[in-house]
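Okay, so here's the structure we're looking at.
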Amino acid sequence: MHLEADMINAVSNYEKTKLSMANVFLQYDQDTMIAKFSLKHDPSWLYLSFVKRIYRINRKSGNVQWSEDDFKTVCEADYNEAMTIYDVLCYSKDECHLAHKFVNVGSLSTVQTGNLSSNNGFFQNTADSFNGKIPELHNACLTLSGKELKKGDVAFELELFPFLPVIIRFWEADDEFPANLQILVDRNILDYMHYETLMFALTHLFHRLKEEIHNDKG
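Under this note's numbering, the first residue of the sequence shown carries the number 1220, and numbering increases by one thereafter.
The following block contains the structure:
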């Protein structure tokens, strides 16, 4: 019973944080967001692509939804999705721009303390989940409109957002080494989102890839 109660509390805390950030979103100038990121919009919604899926943000409530059929059916954005979108729209620097130079995401740990170092279990668990699934991972990256690259058993440049690319490189395990997943991001990525938010964004990216792998097997 205690475990169930703790899980309910955790869920409610996530929802409270989402609601709090929705209210923060409403305090920011939406015309600035539209101009900065060339957002499609109408009087009720702002529209944004995130990992090749269309989201909309309610301009009066801050609620974030996504759809794959032009919003005939609608799904509520989860915590990782909503928090990443809020952070980019509200907290990105005014003059944020790409350096057009990719760096290993682990190198960002030299200026910030956090969970994105290359030896972190988060990446290893994801790499292990991709092991033995090279064709499926390759197809998943193609489904997400990735641009294939060299170096790696699977290597693609993918869009986190239309204005913010990321590179994924994967090597399958062999007799000597475990499966290896390398993530490269633009050197200026922390001008677009907080370091902690990058964890949410990558968690969502990996979820989308796993989702497409599952669909491929289905």
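Cβ atoms here follow ideal geometry from the backbone N, Cα and C, with glycine treated the same way.
Ala1318 burial status per 10 Å Cβ neighbour count (16 or more: buried): With fewer than 16 other Cβ atoms inside 10 Å of its own Cβ, Ala1318 counts as exposed.
In chain order, which continuous runs of the beta strand (DSSP E) of length 3 or greater are located wholly inside the stretch 1392 to 1420? Within the stretch 1392 to 1420, the runs of beta strand (DSSP E) at least 3 residues long that lie entirely inside it are, in chain order, 1399 to 1405.
DSSP puts Ile1387 in a beta bridge; with which residues? Beta-bridge pairing links Ile1387 to Phe1375, Ile1402.
What residue range is occupied by the uninterrupted beta strand (DSSP E) comprising Ser1268? Counting along the chain, Ser1268 sits inside the beta strand (DSSP E) bounded by residues 1264 to 1268.
DSSP state of Phe1382 mapped onto helix, strand, coil: Three-state result, Phe1382: coil.
What did DSSP end up calling Phe1341 once you bin it into helix, strand or coil? If DSSP states are grouped into helix, strand and coil, Phe1341 belongs with the helices.
Spatially closest choice to Ile1402 from Asn1282, Pro1354, Gln1343, Thr1303, by CA coordinates: Comparing C-alpha distances from Ile1402 to each of Asn1282, Pro1354, Gln1343, Thr1303 shows the shortest one belongs to Gln1343.
Strand pairing of Cys1294, partner residues [DSSP]: Cys1294 is bridged to Trp1285.
Do you know how far the Cα of Asp1393 is from the Cα of Val1385? Val1385 and Asp1393 have their C-alpha atoms roughly 26 Å apart.
With a cut-off of 8 Å on the beta carbons, I'd call Asn1277 and Ser1263 a contact; round off their distance for me. Rounded to the nearest angstrom, the Cβ distance from Asn1277 to Ser1263 is 7 Å, consistent with a contact under 8 Å.
Can you check whether the CB of Ala1296 is closer than 9 Å to the CB of Val1307? For Val1307 and Ala1296, no; Cβs fall outside 9 Å.
Measure the alpha-carbon distance for Phe1244 versus Lys1312 and round it to whole angstroms. Straight-line measurement puts the Cα of Lys1312 at about 15 Å from the Cα of Phe1244.
Relative to the alpha-carbon of Gly1365, which residue among Gly1351, Pro1381, His1413 has its alpha-carbon at the smallest distance? Comparing Cα positions, the closest option is Pro1381.
Could you pull out every residue in the same chain whose Cβ sits closer than 8 Å to the Cβ of His1413, ignoring the five residues on either side in sequence? If you ignore the 5 residues before and after His1413, its C-beta comes within less than 8 Å of the C-beta of Asp1306, Tyr1310, all in its own chain and listed in chain order.
Mark Thr1345 as exposed unless 16 or more other C-beta atoms lie within 10 angstroms of its C-beta, in which case mark it buried. In this structure Thr1345 is buried. Its beta-carbon is surrounded by 16 or more other beta-carbon atoms within 10 angstroms.
Strictly by DSSP, which residues pair up with Arg1275? For Arg1275, DSSP records a beta bridge to Tyr1266, Gln1284.
If contacts are defined as beta-carbon pairs under 8 Å, then Glu1391 and Asn1350 qualify, I think. What distance do you get, rounded to the angstrom? Glu1391 to Asn1350, Cβ: 6 Å. Contact.
Taking the alpha-carbon of Glu1415 as reference, which of Glu1378, Gly1325, Asp1372 has the nearest alpha-carbon? Out of Glu1378, Gly1325, Asp1372, Gly1325 has the C-alpha closest to the C-alpha of Glu1415.
Which value, in whole angstroms, describes the spacing of the CA atoms of Phe1375 and Val1270? Taking the straight line from one Cα to the other gives about 13 Å.
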